[in-house]
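Asker: Going by the numbering used here, the residue at position 89 of the sequence shown is 101; the numbering climbs one at a time, nothing skipped.
Pasting in a structure now, in structure tokens, and then I'll have a few things to ask.
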Amino acid sequence: LDSAEGTIPKQSAPRSKKDSAASGSRHLRQALIAYFQILEVGELLGVSREDCDEAVRLFKRFADLTPNVHKGNVETLATAALVMALRNAGRPRDLDDFRDACDMSPKDILQGIK
């Protein structure tokens, strides 16, 4: 049927166990990279453990909404999650502080927030 008459959505083939395992290990790897990025930057900036934990939760939500997060973007999203966690807690920090702590430009951090 054409689009004017409506279409029946095609069902995708079931994911194999191998595909599921690869996806799961990729998400785990990304979560670990983000976790250590958040802890490292948080420690350099004197951020509380509670705020770092909230940043990890935010990163997981970001990553779930962005299925194809590339390795280089994991650090950016993790840093953006830390920025947002601090803002949400009412303790915002200047983006230049993050630039100094993680060698990431404020522009890149803002891009990660968007």
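Virtual Cβ for every residue (Gly too), placed ideally from N, Cα, C.
(1) Identify, in the order they occur along the chain, each residue of the same chain with its Cβ nearer than 6 Å to the Cβ of alanine 67, setting aside the five sequence neighbours on each side.
(2) Name the residue from Leu70, Asp109, Arg103 and Pro104 whose alpha carbon lies nearest to the alpha carbon of glycine 124.
(3) Hey, could you find the ends of the alpha helix (DSSP H) alanine 113 is sitting in?
(4) What number of angstroms, rounded off, separates the C-alpha of serine 37 from the C-alpha of leucine 122?
(5) Apart from the five residues just before and just after lysine 72, which ones in its own chain have a Cβ nearer than 7 Å to its Cβ?
(6) For glycine 58, does the count of other Cβ atoms within 10 angstroms reach 16, so buried, or fall short, so exposed?
Answerer: Straight from the coordinates:
(1) Your numbering for residue 67 matches position 55 in the sequence shown. Only Ile50, Ala93, Leu94 and Ala97 meet the Cβ criterion.
(2) Counting from one through the sequence shown, the residue named residue 124 turns up at place 112. Among Leu70, Asp109, Arg103 and Pro104, the Cα nearest to that of glycine 124 belongs to Leu70.
(3) Along the sequence shown, one-based indexing puts residue 113 at 101. Segment 107 to 114, the alpha helix (DSSP H) holding alanine 113.
(4) For the purposes of this step, residue 37 is taken as residue 25 along the sequence shown, with counting starting at 1. For the purposes of this step, residue 122 is taken as residue 110 along the sequence shown, with counting starting at 1. Distance between the alpha carbons of serine 37 and leucine 122: 28 Å.
(5) For the purposes of this step, residue 72 is identified with residue 60 of the sequence shown, where counting begins at 1. Closer than 7 Å at the Cβ level, and outside the excluded window around lysine 72, lie Ala43.
(6) Here residue 58 refers to the residue found at position 46 of the sequence shown. So glycine 58 counts as exposed.
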